[in-house]
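Chemist: My questions all concern the structure below.
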Amino acid sequence: MTLYPSIPAYRFEAGKYQETEEKLLTEAALQIKINHRPYTVTMRTPGSEVWLTTGLLFTEGIITGMNDILSLQETMGANGLVQSIDIGLPEEIVTKKHIFNRSIASSSSCGICGKTELCDIEIPTSVLETGELTMDLIPSLFEQLRNHQILFDQTGGSHAAGIFNSEGLVLSAQEDIGRHNAVDKAIGELLTQQTLEQARILCVSGRISYEIVAKCVQAGIPFLLSVSAPSSLAVETCQQKGITLIAFCRNDRATVYTHTERVKTSILI
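Here the sequence shown stands for residues 7 to 275, where the numbers follow the working numbering.
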């Protein structure tokens with residue numbers, strides 16, 4: 007099954023209709039099980055299911071690394087796509103984390119769906135390692151990320167997330183119909199490769215909400231960048247948790263919202 011099937015459509019342009027074909031980004035459900043029990047159903051762009059699942063469990067604070075995973079099994083559907091993934095975890099983790107107290111049906115635009123208590127969305131940790139970032143590096147980060155957006159080129163319907171090291175080299179670049187899914191896939195890839203400790207910068211193609219900040223904090227990434235706007239809670243949380251937040255990164259401009267002392271420029275005033 008292709009990730010971007012074509013369908014007939016009519017485009018209205020210059021005062022008239024014309025027949026055309028449009029490529030659509032595939033969206034499909036993925037059931038995630040823990041120890042053979044349903045945990046969540048998430049809507050996502052098919053592909054990289056292992057990275058999506060491990061990244062989700064890590065950013066949710068359920069696992070601390072790949073050593074927590076005892077087994078992993080994928081089940082294919084009749085359409086040739088991964089339909090479900092079953093993660094085996096030690097029972098002490100399941101009990102301690104109260105995993106099955108959550109009832110989740112996550113859409114492609116929701117990263118905290120299913121949490122029922124306010125305390126469930128609190129972030130228990132902070133980013134301790136910070137460092138510095140030069141403004142001159144920012145354009146190359148988003149240029150690298152843009153070069154990896156194959157699905158967006160075909161459909162215009164995907165979000166992207168890229169994770170970079172301190173030198174600005176891309177460690178992982180992922181696409182998905184959901185912003186938080188793209189972030190989970192990128193974090194999950196580095197987690198499975200045991201290179202997450204190299205991550206210093208997270209770049210995203212969409213707006214920055216609390217859920218994106220929470221994942222960034224959980225991964226210990228000190229710099230969060232976006233081409234779009236942040237929410238008020240995202241800015242507040244970044245300030246509290248030690249994240250340098252830079253938004254509206256477009257061409258030669260960017261707006262630094264938190265911890266401005268960590269952002270350097272080569273321009274002397």
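Cβ atoms here follow ideal geometry from the backbone N, Cα and C, with glycine treated the same way.
Leaving out five residues before and five after threonine 264 in sequence, what residues of the same chain have Cβ atoms less than 8 Å from its Cβ?
Modeler: Closer than 8 Å at the Cβ level, and outside the excluded window around threonine 264, lie Val241, Cys244, Gln245, Ile249, Thr250, Leu251.
Chemist: Keeping to the same chain, check which residues put their C-beta closer than 7 Å to that of cysteine 125; ignore five residues upstream and five downstream.
Modeler: Its pLDDT being 47, under 50, cysteine 125 is placed unreliably in this model, and the value from its coordinates should be taken loosely. Nothing listed; no residue qualifies.
Chemist: Taking DSSP's pairing of strands, which residues face phenylalanine 229 in a bridge?
Modeler: Ile207, Thr250, per the DSSP bridge assignment.
Chemist: Using the DSSP secondary-structure output, state which residues sit across from arginine 43 in a beta bridge.
Modeler: Paired residue(s): Ile40.
Chemist: In three-state DSSP terms, what is glutamine 224?
Modeler: Note: glutamine 224 maps to helix in three-state DSSP.
Chemist: Start and end of the beta strand (DSSP E) containing serine 178?
Modeler: Note, serine 178: beta strand (DSSP E), 176-182.
Chemist: Can the beta-carbon of proline 44 be found less than 9 Å from the beta-carbon of leucine 76?
Modeler: For proline 44 and leucine 76, no; Cβs fall outside 9 Å.
Chemist: Is it the case that the Cβ atoms of leucine 147 and cysteine 209 are separated by a distance below 9 Å?
Modeler: Contact: yes.
Chemist: Taking a contact to mean a Cβ-Cβ separation below 9 Å, would you say glutamate 55 touches glutamate 80 in this structure?
Modeler: Yes, they are a contact pair.
Chemist: Which residue from Leu202, Leu87, Val233, Asn257 puts its Cα closest to that of leucine 177?
Modeler: Of the listed residues, the one whose Cα sits closest to leucine 177 is Leu202.
Chemist: Under 8 Å Cβ to Cβ from threonine 140, same chain only, skipping five residues before and after it: list those, please.
Modeler: Taken in chain order, the residues that qualify are Val269, Lys270, Thr271, Ser272.
Chemist: Under three-state DSSP, which class holds glutamate 217?
Modeler: Here glutamate 217 sits in helix by DSSP.
Chemist: Assess contact between the segment 21-39 and the segment 145-164, defined as three or more Cβ pairs (one per stretch) separated by less than 8 Å. Is contact present?
Modeler: As far as the Cβ criterion goes, the segment 21-39 touches the segment 145-164, which means the pair count is three or higher.
Chemist: Residues in the same chain with beta-carbon distance under 6 Å from serine 68, minus the five sequence neighbours each way, listed in chain order, please.
Modeler: Sequence inspection shows isoleucine at residue 68; the serine mentioned does not correspond to that position. So the list reads Lys103, once near-sequence residues are dropped.
Chemist: Taking just the CA atoms, how far does phenylalanine 158 sit from valine 214?
Modeler: Rather than valine, the amino acid found at residue 214 in this sequence is isoleucine. Near 19 Å, if we compare the C-alpha coordinates of phenylalanine 158 and isoleucine 214.
Chemist: Mapping DSSP to helix, strand and coil, what is proline 14?
Modeler: DSSP places proline 14 in strand when its eight states are reduced to three.
Chemist: Return yes when the Cβ of isoleucine 218 is within less than 9 Å of the Cβ of valine 189, no when it is not.
Modeler: Yes; because the gap between Cβ atoms is below 9 Å, this pair is in contact.
Chemist: Pick out whichever of Gln200, Thr51, Val88 has its Cα sitting closest to the Cα of lysine 39.
Modeler: Among Gln200, Thr51, Val88, the Cα nearest to that of lysine 39 belongs to Val88.
Chemist: How many Å lie between alanine 253 and serine 234 at the Cα?
Modeler: Cα to Cα, the separation comes out at about 6 Å.
Chemist: Where glutamine 200 and glycine 94 are concerned, what is the direct C-alpha to C-alpha distance, given to the nearest angstrom?
Modeler: Cα to Cα, the separation comes out at about 19 Å.
Chemist: Where do the N-terminal and C-terminal ends of the beta strand (DSSP E) with threonine 262 fall, by residue?
Modeler: Checking the displayed sequence, the identity of residue 262 turns out to be valine instead of threonine. Valine 262 -> beta strand (DSSP E) spans 259-262.
Chemist: Looking only at its own chain, which residues have a Cβ that is under 7 Å from the Cβ of aspartate 92, when we skip the five neighbours before and after it?
Modeler: These residues qualify, in order along the chain: Lys39, His42, Gln79.
Chemist: Note down the Cα distance separating alanine 20 from threonine 26, rounded to an integer number of angstroms.
Modeler: Cα-Cα distance, rounded: 15 Å.
Chemist: For the beta strand (DSSP E) containing aspartate 92, name the first residue and the last one.
Modeler: Segment 88-94, the beta strand (DSSP E) holding aspartate 92.
Chemist: What does the alpha-carbon distance come out to for the pair glutamate 123 and isoleucine 105?
Modeler: Low per-residue confidence applies at glutamate 123: pLDDT is 48, beneath 50, and the placement is therefore not dependable, though the value from the model is reported in the following sentence. If you take the alpha carbons of glutamate 123 and isoleucine 105, they lie about 14 Å apart.
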